[in-house]
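For reference, the structure discussed in these notes is given below.
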Amino acid sequence: IHQNRRALSATEIVSQLSQLNGEQAQGWRVMDGALEKTFAFKNFHETMGFVNAVAFIANAEDHHPDLALSYGKCTVRFNTHDVNGISASDFFCASRVDALLA
Numbered sequence: 333i334h335q336n337r338r339a340l341s342a343t344e345i346v347s348q349l350s351q352l353n354g355e356q357a358q359g360w361r362v363m364d365g366a367l368e369k370t371f372a373f374k375n376f377h378e379t380m381g382f383v384n385a386v387a388f389i390a391n392a393e394d395h396h397p398d399l400a401l402s403y404g405k406c407t408v409r410f411n412t413h414d415v416n417g418i419s420a421s422d423f424f425c426a427s428r429v430d431a432l433l434a
C-alpha cells in the first residue's frame with residue numbers, strides 16, 4: 333500500500349485536522365469516517381465552477397471525493413475506500429480544495 337493510502341490513527345487525524353483548519357477553523361470536520369466541508373457560493377454558476385475545479389484536482393491526484401451540490405453550496409467529502417478510513421491523501425486533497433478559494 334502506498335504510504336499516503338494508509339489509514340491514519342485517531343490521534344493523527346486530530347493533528348492533521350488542526351493543521352488543515354488552521355487558526356481560522358476553516359470548517360473541515362470528521363463526519364461518519366470522512367473528511368467533510370461545506371462551501372457556500374453566490375449562485376449556481378459559481379458552485380459549478382468550484383465543482384469543476386475540484387474535479388480537476390481529483391483527477392490529477394487520482395483521489396475522488398463525494399460531492400453534494402445545490403444552487404449555492406457544495407459539500408466535499410474525502411475518505412480512502414481501499415484503506416477503509418482517512419489517509420494523508422484525503423488531507424492533501426482537502427488542502428488543495430481550500431487553495432482554490434484562497
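For the sequence shown, the working numbering puts the final residue at 434, and the numbers step up evenly by one. Ideal Cβ placement from N, Cα and C applies to all residues, glycine included. As the structure is a prediction and not an experimental result, all values here were calculated from the model.
| query | result |
| --- | --- |
| Using CA coordinates, which residue listed in Gly404, Asn411, Asp414 and Arg409 is at the minimum distance from Asn375? | Gly404 |
| Assuming Arg337 and Ser427 are in contact, meaning their beta carbons sit under 8 Å apart, how far apart are those beta carbons, in whole angstroms? | So it is not a contact: roughly 17 Å between Cβ atoms. |
| Three-state secondary structure (DSSP) at Gly381? | helix |
| Buried or exposed for Thr412, please, with buried defined as at least 16 other CB atoms from any protein chain shown within 10 angstroms of its CB. | buried |
| Using alpha carbons as the reference points, say which of Cys425, Asn353, Leu349 and Leu352 lies closest to Asn391. | Cys425 |
| Suppose you measure from the CA of Asp398 to the CA of Leu349; what does that come to, to the nearest Å? | 19 Å |
| Tell me whether Leu340 sits in a helix, a strand or coil according to DSSP, three-state version. | coil |
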